[in-house]
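Written below as C-alpha cells is the structure these notes are about.
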Amino acid sequence: MLTLKHTNLLKTQCLVGLDSEGSDTNELNDGGWVSADSGETIKVTNPFNGETIATVPILSREQVLDAVGVSKKVQPIWANKTADERSALLSKWADLIDAHKEDLARIMTAEQGKPLKESRGEMDYANSYIRWFSAEAKRIYGDTIPAKNSNERIVVLKQPVGVCAAITPWNFPAAMITRKVAPALAAGCTMIVKPASETPLTALALGELALQAGIPKGVLQIVTGKSKVLGEVLTGDERIQKLTFTGSTEVGRTLMAQCADTIKKLSMELGGNAPFIVFEDADLEAAAEGLIAAKYRNAGQTCICANRIYVHRDIKEKFVDIYVKQVAELKVGNGMEEGTDLGPLINQEAVDKAKDLLQSSMEAGATLNAGGRPHEAGDLCCEPPGITDVTQNRDIANTEIFAPITAIMTFDDEADVIQRANDTIFGLAAYFYTNDLARSWRVCEALEYGMVGQNTGAISNAAAPFGGVKQSGFGREGSKYGIEDYVVTKYWCQKIG
Ligand code: SIN
C-alpha cells in the first residue's frame, strides 16, 4: 500500500540519481532516494487545517547539478531502448498508478486541499497522459522527401531532445507532471521534475511508482528545494536541452529570460483569463452547468477556469437565477469528506487576493448575487461569490482570478463581445454557448485562444492539444502534437552515387 505513512515521503527524501563512481555506464542502475546534504527541509501543510503533514529536503545546488549529470549520463541509454520497451514501462507505471489511485488521491487532497472526488478524477486524468504517450512512443515517425537530384535522398529523423527539466504547479499536482514526463520518456528523453513546494508529495509518490514499474533510476528524477536555487540550475545548465513550465505568465517570462543564455527548447503553459460567453439562443440550464464545471473545478484555481462571464442582456436575469440556484447546492469544506464540492484555497495570500478583487468590484458598483463571506469550515474556505454588473475595465476582468468568484458582465451584440473577449494579453481557453451553426464558426475562428469549448465547460483530455497563444504561452501538451515538444528534427542528406 502506498500511503503517507509508508512511503519514502516521510523520510524527507528526494528521488534523484546518484552517479556512483565506477558504475557500469551501460546499466541504468544509479540513483535512489536522498536527503538534503544540509539536512534542511521544507514543511508540507494541509491547506484545510494548516497541519504539517510531511517535510521534503532542500537540496543544495551541488546535489541538483549531480542530478543533471545523472540525467545526461542515462539519457542515451534510455533512448537506446526500443520504442516497445519504453512504451511497456510507461504502461506498467500507469497500471501501478491505477492500483494505487485511492492512496494517491488522498495524498493529493492532504497537500492540495481539493475534494477527494476531484483528486480521484485528477489521478485518472494524469494517468490518461501516461497511457496516451505509452502508445505514442511507437508512433514517432520521420519522413522521406523527394530530393532535388536523382543521386540524393532526403531523410528526416525525429530524435529525443535530450535532458529535460519540468517546473510544475500546485493546482494539479499529478496531471501537470505526467503530461510532461510521459511524452518526454516516450520520446527517449530523461526528465528532472521540480514540483511546487506546496505539493511535492504526489510528485514523489509518482516517482516511487515509476521506480517500482521498472523505469530505470535516473530516467525520472524529482528534486525539491528552494525555487530560486533549483530554477537557476534547471534554466542555466547547458546539459539540459529543454525546459517545460506550467505556472504564471510572470514567472514564465523570468524562466524564459534565464534560459536565453543556453538557448533551450521551451514549452510554456502560462496564465489564462478565459471568457465564457452565453448567447441569447443558448440552452441556459446547460450553460449554467457548464459554467459551474469551468468555474469551480479546483475551487477556481485552474488556468482554464472561466474568468469573465459575458451574458447576453436579453437572458441575463434568467441565466443568473438558474446559476445562483445551482451554486447554492455546492458544499464547501474539507476535501477529505465525501460530498465536498469546494475545498480551501491554497494559502492565505490566495484568500487575500480574492477578497481584494471582490471588494474593489463592489466599490465600483458590482452587485453581489450569492456567497461572498468567509466560510465557517476553515480559514481558507470561502462561500463562492457570484457578482453581476462587473465592468470590463476593472481588475477583476483583467487579472486571472484563481478563486471561486464568478464575475458576470452583459453584452448586446456578437462583434462587441468578441472584441471584449479578446481584449486581454492572455489566450489560453475560451468558452461559448450557442446552437447557431454559422455563429459557431464565426465565433470560434475569431476568438484569439489556443482552446475553445462550445456548449461545454470541460475541455481537457489527453487526446486533445492543450496550450495557449499570446502571453498564455506556447507548446502543446497531450494529443499527437504533444510529442513534438520532446523531439528534434534532423535532416539527413545522402548522396548515393
Ligand atoms: C491548468 O490549470 O493549467 C490545467 C488545467 C487542465 O489541464 O485541465
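The numbering of the sequence shown is the numbering used here, which starts it at 26 and goes up by one.
No residue lacks a Cβ here, since even glycine has one placed at the ideal position from N, Cα and C.
| request: Check whether the Cβ atoms of residue 232 and residue 117 lie closer than 9 Å to each other. | output: No, they are not a contact pair.
| request: Assign residue 418 to one of two classes, buried (16 or more other C-beta atoms within 10 Å of its C-beta) or exposed (fewer than that). | output: Within 10 angstroms of the beta-carbon of residue 418 lie fewer than 16 other beta-carbons, which makes it exposed.
| request: Would you decide whether residue 68 is buried or exposed? Buried here means 16 or more other CB atoms lie within 10 Å of its CB. | output: So residue 68 counts as exposed.
| field | Inter-stretch contact (C-beta, 8 Å, three-pair minimum) for the segment 283 to 296 and the segment 206 to 219 | value | Using a C-beta cut-off of 8 Å, the segment 283 to 296 makes no contact with the segment 206 to 219, since fewer than three inter-stretch Cβ pairs fall below that distance.
| query | DSSP beta-bridge partners for residue 400? | reply | Beta-bridge pairing links residue 400 to no other residue.
| message | For a test of your reading of the model: does the CB of residue 317 fall under 8 Å from any non-hydrogen atom of ligand 1? Yes or no. | response | No - ligand 1 has no heavy atom lying nearer than 8 Å to the Cβ of residue 317.
| message | Can you look up residue 168 in the DSSP assignment and give me helix, strand or coil? | response | Correct three-state label for residue 168: strand.
| said: To test your reading of the DSSP string, which unbroken alpha helix (DSSP H) runs of 4 or more residues are found completely within the segment 63 to 140? | reply: The DSSP assignment places complete alpha helix (DSSP H) segments of no fewer than 4 residues inside the segment 63 to 140 at 86 to 104, 108 to 124 and 126 to 137, in order along the chain.
| query | Which full runs of the beta strand (DSSP E) of 3+ residues lie inside the segment 433 to 488, going along the chain? | reply | The beta strand (DSSP E) runs of length 3 or more contained entirely in the segment 433 to 488 are, from start to end of the chain, 454 to 458 and 476 to 479.
| query | Secondary structure at residue 494, three-state DSSP: helix, strand or coil? | reply | Here residue 494 sits in strand by DSSP.
| task | With a cut-off of 8 Å on the beta carbons, I'd call residue 248 and residue 415 a contact; round off their distance for me. | result | 42 Å between Cβ atoms; not a contact.
| field | Three-way DSSP call (helix, strand, coil) for residue 300 in this model | value | Strand at residue 300.
| Does the distance from the CB of residue 477 to the CB of residue 457 come in under 9 Å? | Yes, the Cβ-Cβ distance between residue 477 and residue 457 is below 9 Å.
| Apart from the five residues just before and just after residue 376, which ones in its own chain have a Cβ nearer than 6 Å to its Cβ? | Only 370 and 405 meet the Cβ criterion.
| query | If residue 343 and residue 309 are in contact, beta carbons under 8 Å, what's the gap, nearest whole angstrom? | reply | The beta-carbon separation of residue 343 and residue 309, rounded to 6 Å, stays under the 8 Å limit for a contact.
| message | I'd like to check one pair, residue 296 with residue 280: are the Cβ atoms closer than 9 Å? | response | For residue 280 and residue 296, no; Cβs fall outside 9 Å.
| What distance in whole Å lies between the Cβ atoms of residue 230 and residue 129, which are believed to be in contact at a cut-off of 8 Å? | About 6 Å; that satisfies the 8 Å criterion.
| request: Give the DSSP-derived three-state secondary structure of residue 208 in the structure shown. | output: Looking at residue 208 - three-state DSSP - the assignment turns out to be helix.
| said: Considering just the uninterrupted stretch of the alpha helix (DSSP H) at residue 282, what are its terminal residues? | reply: From DSSP, the alpha helix (DSSP H) with residue 282 extends over 274 to 284.
| query | Tell me which same chain residues have a C-beta within less than 7 Å of the C-beta of residue 52, skipping the five on either side of it? | reply | Caution applies to residue 52, whose pLDDT of 36 falls short of 50 and renders its modelled position unreliable; the value that the coordinates give is listed next. Closer than 7 Å at Cβ, skipping near neighbours: no residue.
| Euclidean distance between Cα positions of residue 311 and residue 353 | The straight-line gap from Cα to Cα measures roughly 17 Å.
| task | Put residue 224 into one of helix, strand or coil per three-state DSSP. | result | When secondary structure is reduced to three states using DSSP, residue 224 falls in the coil class, being assigned neither helix nor strand.
| Rounded distance between the beta-carbons of residue 93 and residue 217, thought under 8 Å | Sure, about 7 Å apart at Cβ, within 8 Å.
| message | Taking the alpha helix (DSSP H) that residue 423 belongs to, which residues open and close that run? | response | Where residue 423 is concerned, the enclosing alpha helix (DSSP H) stretches over 420 to 423.
| residue 151 to residue 113, Cα distance in whole Å? | The straight-line gap from Cα to Cα measures roughly 17 Å.
| Secondary structure of residue 352, DSSP reduced to three states | The answer is helix: DSSP assigns residue 352 an H, G or I state.
| said: Measuring straight from C-alpha to C-alpha, what distance separates residue 509 and residue 180? | reply: If you take the alpha carbons of residue 509 and residue 180, they lie about 17 Å apart.
| Where residue 299 and residue 263 are concerned, what is the direct C-alpha to C-alpha distance, given to the nearest angstrom? | For residue 299 and residue 263, the distance between alpha carbons rounds to 36 Å.
| request: If I'm right that residue 367 touches residue 324 with Cβ under 8 Å, what's the distance once you round it to whole angstroms? | output: The Cβ separation is near 5 Å, so the contact holds.
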